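Participant:
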Amino acid sequence: MTNKEFADILLPNIDKTIEDYDKIYPKRNLEDGAIVTRYAPSPTGYVHMGALFSAFISSKMAKQTNGVFFLRIEDTDKKREVENGVSGIIRDLKNYGIKIDEGMISESEWIGEYGPYIQSKRKEIYQTFAKHLLINDLAYPCFCNEEDLENIRKEQESIKDRIGYYGKWAKDRYLSKEEVIKKIENGEKYVIRLKSPGKFENKIIYDDLVKGKLELPENDLDIIIIKGDGLPTYHFAHLVDDYLMRTTHIIRGDEWLSSVPIHLQLFQVFGFKPPKYAHIAPLLKEENGNRRKLSKRKDPEAAISYYHEKGIPTEAVLLYLCTVANSNFEMWYLQNKDKSIDDFKLEFKKISSSGSLFDVEKLLNISKNYISLLKADEVYNKTLEYAKNYDNELYELLTKYKDYSINVMNIEREQKKPRKDLAMFSDYKKENWYMYDELFINLEYNFDKINDLGEIKKIISFYISKYYDANDDKETWFNKIKLLSEELGYAKEVKEYKEHPDNYKGHVGDVSMVLRVCLTTKTMTPDLYEIMKLLGKERIEKRFEMI
RNA sequence: GGCCUGUUGGUGAAGCGGUUAACACAUAACCCUCUCAAGGUUACAUUCAUGGGUUCAAAUCCCAUACAGGUCACCA
Numbered sequence: 119m120t121n122k123e124f125a126d127i128l129l130p131n132i133d134k135t136i137e138d139y140d141k142i143y144p145k146r147n148l149e150d151g152a153i154v155t156r157y158a159p160s161p162t163g164y165v166h167m168g169a170l171f172s173a174f175i176s177s178k179m180a181k182q183t184n185g186v187f188f189l190r191i192e193d194t195d196k197k198r199e200v201e202n203g204v205s206g207i208i209r210d211l212k213n214y215g216i217k218i219d220e221g222m223i224s225e226s227e228w229i230g231e232y233g234p235y236i237q238s239k240r241k242e243i244y245q246t247f248a249k250h251l252l253i254n255d256l257a258y259p260c261f262c263n264e265e266d267l268e269n270i271r272k273e274q275e276s277i278k279d280r281i282g283y284y285g286k287w288a289k290d291r292y293l294s295k296e297e298v299i300k301k302i303e304n305g306e307k308y309v310i311r312l313k314s315p316g317k318f319e320n321k322i323i324y325d326d327l328v329k330g331k332l333e334l335p336e337n338d339l340d341i342i343i344i345k346g347d348g349l350p351t352y353h354f355a356h357l358v359d360d361y362l363m364r365t366t367h368i369i370r371g372d373e374w375l376s377s378v379p380i381h382l383q384l385f386q387v388f389g390f391k392p393p394k395y396a397h398i399a400p401l402l403k404e405e406n407g408n409r410r411k412l413s414k415r416k417d418p419e420a421a422i423s424y425y426h427e428k429g430i431p432t433e434a435v436l437l438y439l440c441t442v443a444n445s446n447f448e449m450w451y452l453q454n455k456d457k458s459i460d461d462f463k464l465e466f467k468k469i470s471s472s473g474s475l476f477d478v479e480k481l482l483n484i485s486k487n488y489i490s491l492l493k494a495d496e497v498y499n500k501t502l503e504y505a506k507n508y509d510n511e512l513y514e515l516l517t518k519y520k521d522y523s524i525n526v527m528n529i530e531r532e533q534k535k536p537r538k539d540l541a542m543f544s545d546y547k548k549e550n551w552y553m554y555d556e557l558f559i560n561l562e563y564n565f566d567k568i569n570d571l572g573e574i575k576k577i578i579s580f581y582i583s584k585y586y587d588a589n590d591d592k593e594t595w596f597n598k599i600k601l602l603s604e605e606l607g608y609a610k611e612v613k614e615y616k617e618h619p620d621n622y623k624g625h626v627g628d629v630s631m632v633l634r635v636c637l638t639t640k641t642m643t644p645d646l647y648e649i650m651k652l653l654g655k656e657r658i659e660k661r662f663e664m665i
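Position one of the first sequence corresponds to residue 119 (the working numbering), numbered consecutively onward.
1. If GLY221 and GLY230 are in contact, beta carbons under 8 Å, what's the gap, nearest whole angstrom?
2. Excluding the 5 residues flanking VAL612 on each side, which residues of the same chain have their C-beta closer than 6 Å to its C-beta?
3. Based on the DSSP secondary-structure assignment, which residues constitute the bridge partners of ALA609?
4. For SER523, does the count of other Cβ atoms within 10 angstroms reach 16, so buried, or fall short, so exposed?
5. Let me check understanding here. Comparing Cα to Cα, which of LYS660, LYS598, ASN487 lies closest to ARG531?
6. Which runs of the alpha helix (DSSP H), 4 residues or longer, sit entirely within the region 320–374?
7. Would you decide whether ASP133 is buried or exposed? Buried here means 16 or more other CB atoms lie within 10 Å of its CB.
8. Can you round the beta-carbon distance between GLU192 and SER205 to whole angstroms, since I take them to be within the 8 Å contact cut?
9. Short of 6 Å in beta carbon distance, which residues of its chain neighbour GLY163, apart from the five on each side in sequence? Order them along the chain.
10. If we ignore side chains and look at the alpha-carbon of each, how far apart do GLU665 and ASN444 end up?
11. At 3 residues or longer, what runs of the beta strand (DSSP E) sit wholly inside the region 199–236?
12. Quick one: grab the DSSP three-state call for LEU401.
13. Just to check my reading of the structure: HIS166 and ALA421 have Cβ atoms closer than 8 Å, yes? What is that Cβ distance to the nearest angstrom?
14. Are THR366 and ARG156 closer than 8 Å when you measure CB to CB?
15. Please classify VAL154: does DSSP put it in a helix, a strand, or coil?
16. Classify THR641 as buried or exposed, calling it buried when 16 or more other Cβ atoms lie within 10 Å of its own Cβ.
17. Exposed or buried, THR120, counting other C-beta atoms within 10 Å across all chains shown (16 or more means buried)?
18. Taking its Cβ as the centre, do 16 or more other Cβ atoms sit within 10 Å of THR675, making it buried, or is it exposed?
19. Going straight from the alpha carbon of ARG311 to that of ASP325, what length do you get?
20. Relative to the C-alpha of TYR581, which residue among SER630, GLU614, MET179 is closest?
21. Mind listing, in chain order, the continuous alpha helix (DSSP H) runs of no fewer than 4 residues lying wholly within the region 465–494?
22. State the CB to CB distance for the pair LYS547 and ASP509, rounded to an integer number of angstroms; the pair is presumed to be in contact (CB under 8 Å).
23. Just tell me which of PRO144, PRO159, ALA173 has its CA closest to the CA of LEU439.
24. Straight-line CA distance for LYS534 to ILE368?
25. Alpha carbon to alpha carbon, what distance is there between ARG280 and VAL186?
26. Under 8 Å, do SER544 and TYR504 count as touching if we go by C-beta distance?
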């Protein structure tokens, strides 16, 4: 019996060849240096921070070289599937402004010429490639079940041999064609394994784009390429898909590093040129002195929805991720405030080979700077978007008082060093609620140095009757507060008071603090003059009367 | 256990045989200031996991040790 006849019995419905697919998916016509990358998640319904990190790097690399970035769904494990999982991933990428050139655009549709971009629809392709191996005596069916494998492992452990299905331990490798056919006729289940040509004693040298030059043992494991359900394992799907989709660079987590010998061998066995690999270290989290991978299950900040719920701009997250990827980005961005990430050139070589702690503090700082550079109407739109999803009360106020809100957001914004008090859009209400009469209820005033009610009343009544004028400019306004202070026995300059504290009851600062607290209840607010201007005469008088 | 990777301050890091070991976040103090947010100034690693070696000279090169992480699935 020839290998071909044998392969036909195992995979009877496969009549295409790999050459046929080569024609369907020709080499890409791209300029020199163009990088083709992908993001290839399982359809679990969400993207977590670590995945976003690698998706960001992948898309950025493709974009800056005029290459291609595509989204491929790896759904060969039915147990992990989640309903509408693909849509969740597409939504998350879109929210973060990571655009795909090719790949899935909904649960079942895709764009691009190298599809299908979902593995469950590529079964025949994988089997065609497996059949090629069978015909060339580089693969064989294996009938071992879980129990058989367990027994082999136990025996290997007892004699302290290396664990795995390889060499003499790979007993089904030595089955004759006749034995195989008999087993199949008996209805025994099987998988297809690679007949590995490698030797563990041999070393392979390969150059990782981020880890550098590495020496690894050659693969001698007869890994499974087609599972019992006819679908490929990750390794085999990687070979087939990334070959046919003409991926040039595989950017993935470094948990894959030790699989590189398998992948390289797969490419070698087919005579294909392997892609370049960039293995990036995971984002870490510190937990009682130890570091572990940031986990979606244990760490709320690992979920992308966490940032959405707090109103942390996606741009800030990307900015943070970019500084983690290439630490020189931070300095560059500081010197090029008017530019964007798109203008920065990310380099593989500058990606750290060891994992870094995910620092939410730093992210918030970046976010704060980012928001401070926005125009008031941009802040308004983004805050509105946030409120629409998470804060109905705020949403209604923002809608009702649109122009007024934009003015509030504009306080101390149009200046050389804009105010930096918002790290997330959910901070807006926390910082500025008192600007809305609807929220100016159930008040608790936090008076500071001057907290005698009689004195407070005296200050505001003098102020409103003798000094306040809604038309004053800032300088006049402040001069009047100084005059008021003087009249009531307070120093009109803080310095003056510090020099002769016994001559005064206090200073201008204390007096304006009274006004501030009466109008806002808070001791810490943005510029009082701006606040008063926006409040207007009527509301100021009303708030004073409330005291 | 085998194989592989990593280790510079609280954090992210620059550094590539001769530097006062950049810079940013965080922290603290002071200054500025009507309060905050900022901004400014300063402080924060005599030392680069540890121990050896090479060298006139080592965070940088070599070796060993320790610690941490990854991987060894019909999961990706």
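Cβ coordinates follow ideal geometry from the N, Cα and C atoms, glycine included.
Quick caveat: nothing in here was measured; it's all calculated off a predicted structure.
Facilitator: Taking the geometry as given:
1. For GLY221 against GLY230, the beta-carbon gap comes to about 6 Å, under 8 Å, which counts as contact.
2. Cβ within range, chain order: HIS625, GLY627.
3. Answer by DSSP bridge pairing, in chain order: HIS625.
4. Residue burial is scored here from C-beta neighbours: SER523 has at least 16 other C-beta atoms within 10 angstroms and is therefore classed as buried.
5. Minimum Cα distance to ARG531 is reached at ASN487.
6. Qualifying alpha helix (DSSP H) stretches, in chain order: 352–362.
7. Result: exposed.
8. Not really, about 16 Å apart at Cβ, beyond 8 Å.
9. The residues are VAL200, GLY203, GLY206.
10. Note on identity: in this sequence residue 665 is Ile, with Glu being the wrong assignment. Going by C-alpha positions, ILE665 is about 55 Å away from ASN444.
11. Listed in chain order, they are 220–222.
12. Strand at LEU401.
13. Right, their Cβ atoms sit about 6 Å apart.
14. The answer is no: Cβ separation not under 8 Å.
15. Residue state, collapsed to three classes: strand.
16. Counting Cβ neighbours within 10 Å, THR641 comes out exposed, since fewer than 16 surround it.
17. Exposed is the call here.
18. Outside the modelled stretch of the chain, which goes from 119 to 665, sits residue 675, for which no answer is possible.
19. For ARG311 and ASP325, the distance between alpha carbons rounds to 27 Å.
20. Closest option to TYR581, Cα to Cα, is SER630.
21. Taken in chain order, the unbroken stretches of alpha helix (DSSP H) that lie wholly in the region 465–494 and span 4 residues or more are 478–490.
22. Taking C-beta atoms under 8 Å as the contact rule, LYS547 and ASP509 qualify, at a distance of about 7 Å.
23. It is ALA173.
24. Rounded to the nearest whole angstrom, the CA to CA distance from LYS534 to ILE368 is 44 Å.
25. Roughly 41 Å separates the two Cα atoms.
26. In this structure, SER544 places its C-beta atom within 8 Å of the C-beta atom of TYR504.
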